[in-house]
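In this note's numbering, the protein residues as written are -3 to 58.
Ideal placement from N, C-alpha and C gives every residue a C-beta, glycine not left out.
Note that the structure is a prediction, hence the values are computed from the model and not measured.
To start, the structure itself, in structure tokens.
So, in structure tokens, the structure goes:
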């Protein structure tokens, strides 16, 4: 018997989901004291922002 892959239809675009995740991570980081956990959340938020910029750049018409 083969295992079926679960498919999920996304309602929001990738850019919207990444931007929302970046905002959520920043809000979570605000509540934390300075330290490695907070730094990791802010780093992930910056990565999400860069991913949004890169996908916009790659999909631009020119």
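Taking the Cβ atom as the reference point for each residue, do residue 40 and residue 54 lie within a distance shorter than 9 Å? no
Given 8 Å as the limit, is there contact between the segment 9 to 16 and the segment 31 to 48, that is, 3 or more CB pairs closer than that? yes
Nearest-angstrom Cα distance between residue 58 and residue -1? Approximately 42 Å, taken between the alpha carbons.
Note down, in chain order, each residue of its chain lying with its Cβ closer than 8 Å to the Cβ of residue 37, except the 5 sequence neighbours on either side. 21, 22, 24, 25 and 28
CA-CA distance, residue 3 and residue 56? 28 Å
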